[in-house]
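Please read the structure below before turning to the comments.
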Amino acid sequence: MNTIKDNPFKYSSDNKRYRTFNHYLRERFGKKVFKVSLNLGLSCPNRDGSKGVGGCIYCSEKLSGDFGGNPCDTLEEQFRTVRDAMEKKWPGGSYIPYFQAGTNTYADTEFLKRAYEKALSFENVVGLSVATRADCITEQTADLLQDISKRTYLVVELGLQTVHDKTAKLINRCHDYGEFLKGYKLLSDRGINVCIHLIDGLPGETKEMMLETAKSVASLRPHAVKLHLLHIIEGTALHRLYEKGGVRPLELSEYVDIVCSQLELFPAETVIERVTGDGAADTLVAPLWSLKKLCVMNEIDKEMGRRNSYQGRLFCGDMKSCE
Ligand code: SF4
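If you're matching positions, the sequence shown starts at 4 in my numbering and goes up one per residue.
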């Protein structure tokens, strides 16, 4: 039985056996903090032809920003719409604007600087999140981000998804693990917090491969990680592959088992921003069980309790010493 009393995990004040983002934010800011998705309307080098066309096979038309703002509105309007709704439910919260859709370092540095500073100027903002690709981090953008990170809680979110280049090719990621590491280093050498996104259930990947990805990422000791389940979204290249039988969506029990095994591998201090993704209900083709997000999270808690395990239990520093 997974109870608070017998939870051995130190970064928790409830039954969670991993370091949730909510717990981290409460520890750091002493209050409820909400992320507000903003949309700059930026494209992606994986769509506009500079690296590839068509994008990653799972990416929706909204460029992975299905819950983001409307780029036709100003940043202030996008922010206010969400903030006002939040204030009605949870008054007195603080906010972290989150540039989510598209590649949010893929523009002129002056333009980016203005956008980031604008977002930071909004009322009750305590930080900033910027989602991008590691191959879109240059010395110049890294310097700009470093300047911001010295003043506020900045997290740069990098999509990696897998460390396996064969899979990266199959999903049309258009960068390999080596390129990811270069971009990651530009940020980590400057002391910038990085959140690494991973996807479980990618075509052709076994549980062992997903655990190898987790081990490699753990050895980087990132500030945060987001674990996503592969969602098959209507109209994507992945959807077409699924219809031809080229990909099998994970079952709930498999996903829970994989996520718990990955959590055991990450360092205890790494913040786990997500243990599952949000699929837009109207366009999600499979797996439909993922729509019951709370249920998925509960199953993960139950499995960690059953194993009497916790985040970091199997973390052993760098990968070599684990072998
Ligand atoms: S890098 Fe991100 S925005 Fe670009 S195609 Fe892939 S998922 Fe979509």
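A virtual CB, placed ideally from N, CA and C, is assigned to each residue, including glycine.
What you are looking at is a predicted structure, and each value in this text was computed from that prediction instead of being measured.
Query                                                                                                           : Result
Leucine 148 beta carbon less than 9 Å from that of threonine 106                                                : no
Buried versus exposed call for threonine 23 [16 or more other C-beta atoms within 10 Å across all chains shown] : buried
CA-to-CA distance, phenylalanine 114 to glycine 95, given in whole angstroms                                    : 31 Å
Segments assigned beta strand (DSSP E), at least 3 residues, entirely inside the region 175–240                 : 196–203, 227–232
Counted within 10 angstroms of its Cβ, other Cβ atoms place valine 56 as buried (16 or more) or exposed         : exposed
Counterpart residues of aspartate 51 in DSSP-defined beta bridges                                               : Val56
Residue environment, leucine 241, which counts as buried when at least 16 other CB atoms sit within 10 Å        : buried
C-alpha distance - lysine 172 paired with glycine 248, whole-angstrom precision                                 : 19 Å
Sequence-distant residues of its chain with Cβ nearer than 7 Å to leucine 205 (five each side left out)         : Gln164, Thr165, Thr170, Ile174, Leu233
Three-state class that DSSP yields for lysine 38 in the structure shown                                         : strand
Threonine 106 Cβ short of 8 Å to ligand 1 heavy atom set                                                        : yes
Separation of serine 40 from glycine 282, as counted between CA atoms                                           : 15 Å
Where threonine 23 falls: helix, strand or coil (DSSP)                                                          : strand
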